[in-house]
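Reading through the structure tokens given below for one structure.
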Amino acid sequence: MLDLIDKTKKLQYVLDLSWDIFFERLISKRITINLESSMQLHYASIIKSIGEQLIVEPDEYFKIELEHSYKDTKKYIDIECSYNDIKAAIELKCFRKISNRAMDMDMYDVLKDIERLESFTDHPIKKFICLTDNNAYIDGKHSGHAGIVSIKDGRKIEKNTPIKPTWIGKWKSSPRDKNISISSDIEFIWNRKESWYYLKLDL
Numbered sequence: 009m010l011d012l013i014d015k016t017k018k019l020q021y022v023l024d025l026s027w028d029i030f031f032e033r034l035i036s037k038r039i040t041i042n043l044e045s046s047m048q049l050h051y052a053s054i055i056k057s058i059g060e061q062l063i064v065e066p067d068e069y070f071k072i073e074l075e076h077s078y079k080d081t082k083k084y085i086d087i088e089c090s091y092n093d094i095k096a097a098i099e100l101k102c103f104r105k106i107s108n109r110a111m112d113m114d115m116y117d118v119l120k121d122i123e124r125l126e127s128f129t130d131h132p133i134k135k136f137i138c139l140t141d142n143n144a145y146i147d148g149k150h151s152g153h154a155g156i157v158s159i160k161d162g163r164k165i166e167k168n169t170p171i172k173p174t175w176i177g178k179w180k181s182s183p184r185d186k187n188i189s190i191s192s193d194i195e196f197i198w199n200r201k202e203s204w205y206y207l208k209l210d211l
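When the letters of the sequence shown are read in order and numbered with this note's numbering, they come out as residues 9 to 211.
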């Protein structure tokens with residue numbers, strides 16, 4: 009039976025290799041991503057295929073689930089997968105330029121997802137991935153509201169540094185009317201190829 013370290017490394021390998029394949033398939037236009045749901049579906053499909061192929065021992069098993077309820081709460085994990093007792097939680101975001109979205113809200117949601125992902129304490133592997141074709145998230149001049157919640161390339165956030173958006177107490181949407189505190193040191197390093205960009209964080 010594989011020990012804890014081996015199973016953890018194997019699951020990390022599956023997730024990282026699956027992402028590399030996903031991204032190259034996107035670049036080569038073998039898959040099309042319009043919304044986060046299609047990103048989730050294609051990435052999970054690759055994870056499932058590779059994960060099951062690497063089951064070799066009689067006492068091994070691999071599981072994957074989309075929109076998994078964390079401990080029967082209202083916290084949902086975009087993708088949860090496991091090798092035996094080793095679990096991984098993956099949170100995804102996808103921002104398309106054509107959607108013409110409010111960037112400060114999107115970037116707040118990224119930071120909130122990272123904060124939430126950190127709370128999944130029984131998952132030794134935690135990954136956050138953001139995909140976009142809009143370089144304004146990466147290279148834009150973020151100021152005002154956007155400057156506080158910026159996820160631009162090169163930004164660093166020290167652990168336990170409170171993030172206090174200037175709209176707190178004035179926002180009608182309660183999910184975005186809260187301060188954020190991230191308990192890990194974070195550096196936003198974006199990867200780029202052709203017209204696509206992605207951020208991948210291991211927490």
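Backbone N, C-alpha and C fix where the C-beta goes; we use that ideal spot for every residue, glycine too.
Bear in mind the structure is a predicted one, so any value in this text is a computation, not a measurement.
Beta-carbon proximity of residue i to residue j, cut-off 7 Å
| i | j | result |
| --- | --- | --- |
| tyrosine 69 | lysine 15 | no |
| tyrosine 51 | leucine 139 | no |
| aspartate 161 | isoleucine 171 | no |
| glutamate 44 | leucine 125 | no |
Exposure label - residue i; buried when at least 16 CB within 10 Å
| i | result |
| --- | --- |
| asparagine 142 | buried |
| alanine 96 | buried |
| valine 22 | buried |
| alanine 110 | exposed |
| valine 118 | buried |
| lysine 135 | buried |
| serine 158 | buried |
Residue i, DSSP secondary structure in three states
| i | result |
| --- | --- |
| threonine 16 | helix |
| alanine 52 | helix |
| lysine 135 | strand |
| isoleucine 176 | coil |
| aspartate 193 | coil |
Top-ranked residue by Cα proximity to residue i, from the options
| i | options | result |
| --- | --- | --- |
| asparagine 187 | Asp161, Ile156 and Trp198 | Ile156 |
| arginine 184 | Asp193, Ser191 and Thr174 | Thr174 |
| lysine 192 | Lys167, His153 and Lys178 | Residue 192 is actually serine in this sequence, not lysine. The candidate whose alpha carbon is nearest that of serine 192 is Lys167. |
| alanine 154 | Ile133, Ile85, Asp130 and Asp114 | Asp114 |
| leucine 49 | Pro66, Asp130 and Asp86 | Asp86 |
The segment 24 to 36 / the segment 52 to 59 touching (three or more Cβ pairs under 8 Å): yes
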